[in-house]
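Taking it in order: structure first as structure tokens, then the write-up.
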Amino acid sequence: MCGIAGILNISSGSSPAKPELSAMIGMLHHRGPDGYGFYADDQVGLAHARLSIIDLEGGWQPIHNEDKTVWVVFNGEIFNYIELRQALEQEGHRFYTHSDTEVIVHLYEQHGDDFVQQLNGQFAIALWDKKRKRLILARDRTGIRPVFYTMARGRLLFASEAKALFALSEVPRRLNRRALSEIFTFWSPLAPATVFEGIEALPPGHLMMVEDGRVRIRRYWDWSFPETPRTDSRSGESYAEELRELLIDAVRLQLRADVPVGAYLSGGLDSSIVTSVIKNFTDVPLRTFSVSFEDAEFDESSHQQELVQYLGTHHTQVLCTKEDISAAFPKTVWHTESAILRTAPTPLMLLSGKVREEGYKVVLTGEGADEVFGGYDIFKEAKVRRFCARFPESTMRPRILERLYPYLKHSPTAARAFTQRFFSQGMEHKNEPFYGHIPRWSTTRRIWQFFSGDTQQLLSSWDPYKAIMASLPAEINRWAPLNRDQYIEAHTLMSGYLLCSQGDRVAMANSVEGRFPYLDHRLIEFANRLPVRYKIMGLTEKYILKKSMKGLLPDSIRTRTKQPYRSPDSQSFFQNGKPAEYVADLFSESRIRDSGYFDAKATAKLFEKCRQGRAIGFGDNMAFVGILSTMLVHDLFIRSSRITNSFADTRFARLAKAV
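Residue 328 is where the sequence shown starts when you use my numbering, and the numbers rise one by one after that.
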């Protein structure tokens, strides 16, 4: 796990300079604190910040081929590198390191652009073919590792994080209001947009090829589902057995490292399965980490302790208070580089700090299981809503919705009349592939009421549903409804928020690499071929996953209803009605008006409602955190005269002192 940065001269005639590369990679020191590496010629410059995990002595990047005509910098891990190396050596390729990075170089020589098809891993790759004067950028299939790029003065600039691009003065820093409105609808910008104008993210499963001044981007992998219902005669036991073997192999591969590997343990099914597989099918010492909260609504520590005792793991728990969240939130936004709607990334950033403090650089997590196997309430909710939509006059069918969200103190199913109104939203779109997501998007989009007049005017002609439809594959309407819901979830919330703001960024803030066994592409492809009844059986989520783990977990964990990870939101920023100083400053009328994004009067009313503790619904809490994080993005990246690590450290010190 590392950070990468680079410059490709396309038409400017200006060769990449070492001070430029140093400035860019210096902004990514947290991603790779173990050292830097550089390559430069008259057309391209590559830079690398290393977090040493495999081949500690010899794996320094950039890595080259035998005649030094192919060069690579790489952020991530190739989990099947041992098997790939053996095959390449049989083809005559010679290696000078034991790293997974060198496999990429020789795979490119052997397979050309199709080298990515051979990789089982999580990666952002920059490869320079010196003979052909050709640059390739590649991103892993599901978007675990990021790569951003922009064009400036005839040069392509790219890096693992946007702040590395801002290290060069020619890159403008402006907020992308269209992308902000997408975050305030879908929770993330629609790829390839980012919250910064002119900066784009290479989408998951894509390659960028730059040659002869031309830039081409193509998709090499995507989630795909059968277009006709599966009618095979295989039993659930057969599918469960195959799934168990795939899971065991995915976990074994992702434990490969030359440093100790730990695991997150949330108390839910997904991380419990990962830790159980480590315990029962590997010889890796089981070291686990978790976060807990003072408020019982968010805390899962009793479930965590149950599994700790069952598995006998060496465990560390981090108690995260509301004051902790408030104090660390500005640093969270510095690392996410985006507006976010929840405080949930912050406790995970604090947890990764504890992981690093305990001497660990790598942790396995349970992220991705819900998207792959149908675990979220949104999938069950959509199933019930479609069931109700077939008989809209029924008063009994909507009562099934009352079985959802049992873990929420203020559930949308608590009052029957509200339930009927809430879940009947979007009935006019019941035949559209995004129908299942409308209640969430409608709730989130209420944040638009806080936009300023100028922002509202700018967005007046934008239709979010047309925008999402334009991003979907033509065949999606021929898939089963659950599969449509899964596709959209994987390409919005998961890749744009969970794997980014709540995954890569907050782990790498403390130089920790998160690994995601459920996002092994073989597991995804297996799950996508399953009959949908094996994902959600009635209202039992992740049915086949639970079945595959029978006998390996306590039934109280294995059959437990899904409780999504959450943390206290607006209430974290007020102590006895008094706001943190930096929060009061950013919500002040002058700061709101100066930024131009939001309406000062509407924002002031929201602030007062939260201060009084009357913001109990999702809408108010998302609006508060979304506005606060947007103002922090503005303060940290747009308003400042320059961006450096020393600037960031000073700003964090000031903000923390004000809490």
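Beta carbons: idealized from backbone N, C-alpha and C, even for Gly. None of these values were measured; they are calculated from a predicted model.
Taking C-beta to C-beta, are A907 and E916 nearer than 8 Å? For the purposes of this step, residue 907 is identified with residue 580 of the sequence shown, where counting begins at 1. For the purposes of this step, residue 916 is identified with residue 589 of the sequence shown, where counting begins at 1. No, the Cβ-Cβ distance between A907 and E916 is not below 8 Å.
With C-beta atoms as the reference, is V689 less than 8 Å away from A854? If you number the sequence shown from 1, residue 689 lands on position 362. If you number the sequence shown from 1, residue 854 lands on position 527. Taking the C-beta atoms as reference points, A854 is found no nearer than 8 Å to V689.
Would you give the residue range spanned by the alpha helix (DSSP H) that E404 belongs to? In the sequence shown, counting from the first residue as 1, residue 404 sits at position 77. Unbroken run through E404 is the beta strand (DSSP E), V397 to I405; no alpha helix (DSSP H).
Would you call the segment 642-651 and the segment 616-623 in contact, with 3 or more CB pairs under 8 Å? Result yes; three or more Cβ-Cβ pairs closer than 8 Å.
Can you tell me whether W550 is helix, strand or coil according to DSSP? Counted from its first residue, the sequence shown places residue 550 at position 223. Judged by DSSP in its simplified three-state form, W550 adopts coil rather than helix or strand.
Residue burial classification, A590 (beta-carbon count within 10 angstroms, cutoff 16): Taking the sequence shown and counting its residues from 1, the one referred to as residue 590 is at position 263. Under a 10 Å Cβ-count criterion, A590 is classified as buried, with 16 or more other Cβ atoms of the shown protein chains found around its own Cβ.
Outcome for W789 when other beta-carbon atoms lying within 10 angstroms are tallied against a minimum of 16: In the sequence shown, the residue the question calls residue 789 occupies position 462. Counting Cβ neighbours within 10 Å, W789 comes out exposed, since fewer than 16 surround it.
Quick one: using the 10 Å Cβ neighbour count with 16 as the cut-off for buried, is A801 buried or exposed? Counting from one through the sequence shown, the residue named residue 801 turns up at place 474. The residue is exposed, with fewer than 16 neighbouring Cβ atoms inside 10 Å.
Got a sec? Which residues, its chain only, sit under 6 Å from T770 by beta carbon, not counting five neighbours each side? Locating residue 770 in the sequence shown gives position 443, where the first residue counts as 1. Once the five neighbours on either side are set aside, the close Cβ partners of T770 are F945 and G946.
Does the separation of the CB atoms of S338 and G540 fall below 8 Å? One-based indexing of the sequence shown puts residue 338 at position 11. One-based indexing of the sequence shown puts residue 540 at position 213. Going by C-beta atoms, S338 is nearer than 8 Å to G540.
Quick one: Cα of P519 to Cα of Y870, how far? Working through the sequence shown from its first residue, we reach residue 519 at position 192. Working through the sequence shown from its first residue, we reach residue 870 at position 543. P519 and Y870 have their alpha carbons spaced roughly 34 Å apart.
Should Y476 and L529 be called a contact, given that it needs their Cβ atoms to be closer than 8 Å? As a working mapping, residue 476 is identified with position 149 in the sequence shown. As a working mapping, residue 529 is identified with position 202 in the sequence shown. Cβ distance < 8 Å, so Y476 and L529 count as in contact.
Could you give the C-beta distance for N447 and I331, rounded to a whole number, given that I count them as a contact under 8 Å? Position 120 of the sequence shown, counting from 1, holds the residue named residue 447. Position 4 of the sequence shown, counting from 1, holds the residue named residue 331. Not really, about 20 Å apart at Cβ, beyond 8 Å.
Per the DSSP calculation, L464 is bridged to which residue(s)? Stepping through the sequence shown from its first residue, residue 464 is reached at position 137. Looking at the DSSP assignment, L464 forms a beta bridge with A453 and M535.
In three-state DSSP terms, what is S341? Within the sequence shown, the letter at position 14 stands for residue 341. In this structure, S341 counts as coil in the three-state DSSP scheme.
Write down the C-beta distance between T670 and S967 rounded to the nearest angstrom, noting that I regard them as a contact closer than 8 Å. On the sequence shown, residue 670 is found 343 positions in, with the first residue counted as 1. On the sequence shown, residue 967 is found 640 positions in, with the first residue counted as 1. Here T670 is actually not in contact with S967; their C-beta atoms are around 23 Å apart, not less than 8 Å.
Is I337 close to chain D? Criterion is C-beta to C-beta, closer than 8 Å. The structure shown contains no chain D, having only a single protein chain.
Alpha-carbon to alpha-carbon, S922 and H961: Numbered from 1 along the sequence shown, position 634 holds the residue referred to as residue 961. Numbered from 1 along the sequence shown, position 595 holds the residue referred to as residue 922. Computed Cα separation, rounded: 7 Å.
What would DSSP say about G589, mapped onto helix, strand or coil? Locating residue 589 in the sequence shown gives position 262, where the first residue counts as 1. DSSP places G589 in strand when its eight states are reduced to three.
Taking only the alpha-carbon atoms, compute the straight-line gap between L434 and N407 and give it to the nearest angstrom. As a position in the sequence shown, residue 434 is number 107, starting the count at 1. As a position in the sequence shown, residue 407 is number 80, starting the count at 1. About 12 Å.
To the nearest angstrom, how far is it from the Cα of N607 to the Cα of R713? Stepping through the sequence shown from its first residue, residue 607 is reached at position 280. Stepping through the sequence shown from its first residue, residue 713 is reached at position 386. Straight-line Cα distance between these residues: approximately 41 Å.
Residue from D361, G953 and R358 with nearest C-alpha to V660: Counted from its first residue, the sequence shown places residue 660 at position 333. Each of D361, G953 and R358 was checked against the Cα of V660, and the nearest Cα belongs to G953.
On the three-pair Cβ rule with 8 Å, is the segment 378-396 touching the segment 419-437? Judged by Cβ distances under 8 Å, the segment 378-396 makes contact with the segment 419-437, as three or more pairs qualify.
Within the continuous beta strand (DSSP E) that includes F365, where are the two ends? By one-based count along the sequence shown, residue 365 stands at place 38. That run of the beta strand (DSSP E) goes Y363 to A367.
Could you tell me the distance, in whole angstroms, from the CA atom of L335 to the CA atom of R480? Taking the sequence shown and counting its residues from 1, the one referred to as residue 335 is at position 8. Taking the sequence shown and counting its residues from 1, the one referred to as residue 480 is at position 153. Whole-angstrom Cα-Cα distance: 11 Å.
Please classify G333 as buried or exposed, where buried requires at least 16 other C-beta atoms within 10 Å of its C-beta. Start at 1 with the first residue of the sequence shown, and residue 333 comes out as number 6. Answer is buried; the Cβ neighbour count reaches 16.
Give me, in chain order, the residues of the same chain whose beta-carbon lies closer than 8 Å to that of D456; leave out the 5 immediate sequence neighbours on both sides. Start at 1 with the first residue of the sequence shown, and residue 456 comes out as number 129. Here D456 has T396, V397, Y435, L462 and I463 as same chain residues with Cβ atoms under 8 Å from its own Cβ, once five neighbours each way along the sequence are excluded.
Kindly indicate the opening and closing residues of the alpha helix (DSSP H) around H433. Here residue 433 refers to the residue found at position 106 of the sequence shown. Run containing H433: T428 to H438, per the alpha helix (DSSP H) assignment.
Taking G923 as part of the beta strand (DSSP E), name the residues at either end of that continuous run. Within the sequence shown, residue 923 is the residue found at index 596, counting from 1. Per DSSP, G923 belongs to no beta strand (DSSP E) and is neither H nor E.
Of the residues R468, L484, A489 and F442, which one's Cα is nearest the Cα of L373? Mapped onto the sequence shown, residue 373 falls at position 46. In terms of Cα proximity to L373, the closest of R468, L484, A489 and F442 is L484.
Mark L982 as exposed unless 16 or more other C-beta atoms lie within 10 angstroms of its C-beta, in which case mark it buried. On the sequence shown, residue 982 is found 655 positions in, with the first residue counted as 1. In this prediction, L982 has a pLDDT of 43, which is less than 50 and means its spatial position is unreliable; what the coordinates show is noted afterwards. Around the C-beta of L982, 16 or more other C-beta atoms lie within 10 Å, and the residue is accordingly described as buried.
Inter-residue Cα distance where the pair is S551 and E852: As a first step, residue 551 is located in the sequence shown; it is residue number 224 there, counting from the start. As a first step, residue 852 is located in the sequence shown; it is residue number 525 there, counting from the start. Going from the Cα of S551 to the Cα of E852 covers about 8 Å.
Could you give the DSSP three-state label for K681: helix, strand or coil? The count along the sequence shown starts at 1 and reaches residue 681 at position 354. Annotated three-state conformation of K681 is helix, per DSSP.
So, is D610 buried or exposed, given that buried needs 16 or more other C-beta atoms within 10 angstroms? By 1-based counting over the sequence shown, the position of residue 610 is 283. D610 should be labelled exposed.
Quick one: residues in its chain with C-beta nearer than 6 Å to the C-beta of D697, no 5 flanking neighbours on either side, listed in chain order? The count along the sequence shown starts at 1 and reaches residue 697 at position 370. Within the same chain, D697 has close Cβ partners Y703.
When we look at the beta-carbon of S897 and count the other beta-carbons within 10 Å, is it buried (16 or more) or exposed? Your numbering for residue 897 matches position 570 in the sequence shown. By the neighbour-count rule (16 or more Cβ atoms within 10 Å), S897 is buried.
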